[in-house]
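*Asks:* Numbering (this note's numbering), first residue to last: 187 to 426. Built from N, CA and C at the ideal position, the CB exists for glycine as well.
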Ligand SMILES: CCCc1ccc(-c2ccc(S(=O)(=O)CCO)cc2)cc1[C@H]1C[C@H]1c1ccccn1
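#1: Buried or exposed: residue 242, going by 16 or more other Cβ atoms within 10 Å of its Cβ?
#2: Would you tell me roughly how many angstroms separate the C-alpha atoms of residue 190 and residue 284, rounded to the nearest one?
#3: Using the C-alpha atoms, what's the distance from residue 325 back to residue 205?
#4: Report yes if the C-beta of residue 276 is less than 6 Å from at least one heavy atom of ligand 1; otherwise report no.
#5: In three-state terms, what does DSSP make of residue 336?
#6: Assign residue 380 to buried or exposed, taking buried as 16 or more other Cβ atoms, counted over all protein chains shown, within 10 Å of its Cβ.
#7: Any idea which residues DSSP pairs residue 412 with across the strands?
#8: Take every Cβ of the segment 299-308, pair it with every Cβ of the segment 348-360, and state whether three or more of those distances are shorter than 8 Å.
#9: Which one of 421, 393, 405 has the shortest CA to CA distance from residue 237?
#10: Should residue 402 be labelled buried (16 or more other beta-carbon atoms within 10 Å of its own) or exposed?
#11: Could you check where the beta strand (DSSP E) with residue 248 kicks off and where it finishes?
#12: Use the C-beta contact count for residue 370: other C-beta atoms within 10 angstroms, 16 or more gives buried, fewer gives exposed.
#13: Within 10 Å of its beta-carbon, does residue 331 have 16 or more other beta-carbons around it, so buried, or fewer, so exposed?
#14: Quick check: what's the CA-CA separation for residue 335 versus residue 342?
#15: Would residue 222 be called buried (16 or more neighbouring beta carbons within 10 Å of its own) or exposed?
#16: May I have the straight-line CA-CA distance separating residue 228 from residue 253, to the nearest angstrom?
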């Protein structure tokens, strides 16, 4: 896989995205506003526009008990589960299997009135990272999704407006071993999830509409996605 034409870009973008995800909200520069909160889940956004289009960066942090970072990234990366948790997905195709840890997707998302329907082409890469802070602690897992071009799917040549996105899901597993030496179970693991995304909607849509969509859809997505993983893994061996 190392010789694939996208490899240099993938490596650069993954390093950048992980560095950004690792920074706390405070360090990431000011301007982050908390726009949604639900228990352990906190969602922040920065209001940014590009040529009059809303391109608000989003950063969500969440802590979920009973699952690991590897499990979260596995269910996020693997195509066969996506229709189960991605609420706005209409069509998903794997365009290329670049390697066992890198795929290329074409997705169309449900139309959100009054904006026109969107589609996106992106590469998706899953990677385990060494835990620099705690050498013998569990590894960090990440999935980075980054828009790209594909010769068979040129932008804006059909009914959909092509969007551009950069998404980083970074997960840090925490293990609190049981005191009485009993074997590890799901009660002793939890996962700190950081989800960063920047979506350029590709074509003009009213700022108020886009911000309302994101305000509604992002919390829904993260809650549904994490509930799905808890349900899928509860009777399975822990995947570290
Ligand atoms: C005008 C923009 C429309 C729009 C385009 C794209 C996306 C979107 C695509 C991909 C990803 S992902 O994290 O890479 C998971 C793989 O599917 C997340 C979000 C969301 C929306 C909008 C539909 C809204 C939405 C927002 C947040 C989550 C889900 N859906």
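*Replies:* Put simply:
#1: buried
#2: 7 Å
#3: 15 Å
#4: no
#5: coil
#6: buried
#7: For residue 412, which the question treats as bridged, DSSP gives no partner whatsoever.
#8: yes
#9: 393
#10: exposed
#11: 244-251
#12: exposed
#13: buried
#14: 12 Å
#15: buried
#16: 18 Å
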